[in-house]
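The structure under discussion appears below in the form of structure tokens.
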Amino acid sequence: MVNRTVEEILALKKQRNAIILAHNYQREEVQEIADFVGDSLELSRQATKVDCDVIVFCGVHFMAETAAILNPDKTVLLPEIDAGCPMADTVDVEELKRWIDRYPYAPVVSYVNTTAEVKALSYACCTSANAPQIVKAVPFSSIIFVPDKNLADWVKKHVPEKEIIAWNGFCPTHHMIKKEDIIRAKKAHPDALVIVHPECRPEVIELADHVASTSGMVRFALGASQKEFIIGTEVGLLYRLKKENPDKVFYPVKKTMICPNMKITTLESILTALKENQYVIKVPEDIRIKAYEAVQRMLTLIS
Ligand code: 13P
Ligand code: SF4
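Numbering (my numbering), first residue to last: -16 to 286.
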């Protein structure tokens, strides 16, 4: 049954000249069928390079929207329209506009986990892979940072010379990890290195040996001489970590660290997306042009 679905997807992909992009948290079988699997930054970069008519984005809404911002002439499909990001949803555009009025000297740097409307109000975007470098590179001494307060805190530690006015958002999945969970995992696996995502709470980050984006974690594990790792991010990443490091062992801090939005996309929904041309993600042109500038600035500010 699954093979039949895979065959159909591959045939339709060819017929429609489509490319499948998938985030590192996607289901194993979705990662397997993708043309490219990566973190938010890599997926944004990939979206600027693909030569195709259709991009099937296996991830959450803001990721497909970013691909649509970068590719107005391509059809961008999000197989599951309910795949959202609760952290991105914490930003109320009207409230953000009030912040912009209140702090006219501080432009907005938005984490890519935001809607196109928020990106359109931003000077530059950033991802977990480049947030401190972007904040350092923007030519302003104060910035408004939305929406992740934990990422903002991590940036502050790296760029203490700048004033960061932080939004109060967070990722419910990464917030599941508490300090005690890391202490417990370290006790159970004393030889393991702890790697966590910058969306984790500051007291969790404090206990980590390394902090990185999802693909940054894969690269770190590949390059490390250690054999065991405790992983503080959504458990979907474990698939790639194990696949690319068959000689190493990975322990999730918590097996329950699942982002439900990242898991709703299935092979069946990808097939339906290609068959029915759904769900087309399109950004109104006036918003897209402004959002494009912020995304593009992220891609060119540091490289
Ligand atoms: P990465 O860009 O590190 O893959 O993170 C995306 C995300 O949504 C983390 O929760
Ligand atoms: Fe959003 Fe967190 Fe899910 Fe990433 S893991 S998509 S930040 S809810």
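Ideal Cβ positions, reconstructed from N, Cα and C, are used throughout, including at glycine. None of these values were measured; they are calculated from a predicted model.
With a threshold of 16 other CB atoms inside 10 Å of the CB of residue i, please say whether the residue is buried or exposed.
i        : result
Asp230   : exposed
Glu77    : exposed
Gly206   : exposed
Lys132   : buried
Asp22    : buried
Lys210   : exposed
Thr98    : buried
Leu(-7)  : exposed
Ser196   : buried
Ser27    : buried
Arg271   : buried
Tyr222   : buried
Thr31    : exposed
Thr49    : buried
Thr73    : buried
Arg(-13) : exposed
Lys(-3)  : exposed
Ile117   : buried
Arg184   : buried
Tyr88    : exposed
Val198   : The amino acid occupying residue 198 in the given sequence is Ser; Val does not appear at that position. Answer is buried; the Cβ neighbour count reaches 16.
Do residue i and residue j have their C-beta atoms within less than 8 Å of each other?
i      : j       : result
Thr283 : Glu217  : no
Ile2   : Cys35   : yes
Val20  : Asn0    : no
Val201 : Ile188  : no
Val92  : Ser105  : yes
Ala66  : Thr249  : no
Ile214 : Pro243  : no
Cys287 : Met281  : As shown, the chain starts at -16 and ends at 286. That puts residue 287 outside it, with no answer to give.
Lys170 : Val177  : no
Leu257 : Leu(-5) : yes
Val278 : Ala51   : no
Ser125 : Glu146  : yes
Lys273 : Ala114  : no
Phe45  : Ala17   : no
Phe233 : Lys226  : no
Quick check: is any heavy atom of the ligand 13P less than 7 Å from the C-beta of residue i?
i        : result
His157   : yes
Asp72    : no
His6     : yes
Thr197   : yes
Ala108   : The residue asked about is misnamed: residue 108 is Cys in this sequence, not Ala. Cys108 Cβ: outside cutoff for every heavy atom of the ligand 13P.
Leu360   : Here the chain covers residues -16 to 286 and nothing more, so residue 360 does not appear.
Cys154   : yes
Ala17    : no
Ala112   : yes
Asn244   : no
Asn(-14) : no
Asn96    : yes
Glu259   : no
At a cut-off of 7 Å, is residue i close to the ligand SF4 when judged by its beta-carbon and the heavy atoms of the ligand?
i      : result
Asn228 : no
Pro62  : no
Glu182 : yes
Glu268 : no
Pro69  : yes
Glu217 : yes
Val43  : yes
May I have a chain-ordered list of the alpha helix (DSSP H) segments no shorter than 4 residues that lie completely inside the segment 179 to 256? Complete alpha helix (DSSP H) runs here, min 4: 185 to 189, 197 to 206, 220 to 227 and 243 to 246.
Which whole runs of the alpha helix (DSSP H) in the segment -4 to 20 are 4 residues long or more, in chain order? Runs of the alpha helix (DSSP H) spanning 4 or more residues and lying entirely within the segment -4 to 20 occur at 11 to 16, in chain order.
Go through the segment 32 to 63 residue by residue and report every complete run of the beta strand (DSSP E) that reaches 3 residues or more, in order. The beta strand (DSSP E) runs of length 3 or more contained entirely in the segment 32 to 63 are, from start to end of the chain, 37 to 41 and 58 to 60.
Counting Cβ pairs closer than 8 Å, one from the segment 126 to 146 and one from the segment 164 to 177, do we hit at least three? No, they do not touch.
Count the CB pairs spanning the segment 48 to 68 and the segment 258 to 265 that are closer than 8 Å, and state whether there are at least three. With the cut-off at 8 Å, the segment 48 to 68 and the segment 258 to 265 touch.
Whether or not the segment 143 to 155 and the segment 116 to 134 are in contact is what I'm after, with contact meaning three or more pairs of Cβ atoms, one per stretch, closer than 8 Å; do they touch? Cβ pair count under 8 Å is three or more, so yes.
Counting only runs that start and end within the segment 122 to 182, where is the beta strand (DSSP E) found for 3 or more residues in a row? For the segment 122 to 182, the full-length beta strand (DSSP E) segments reaching 3 residues or more read 125 to 129, 146 to 149 and 176 to 179 along the chain.
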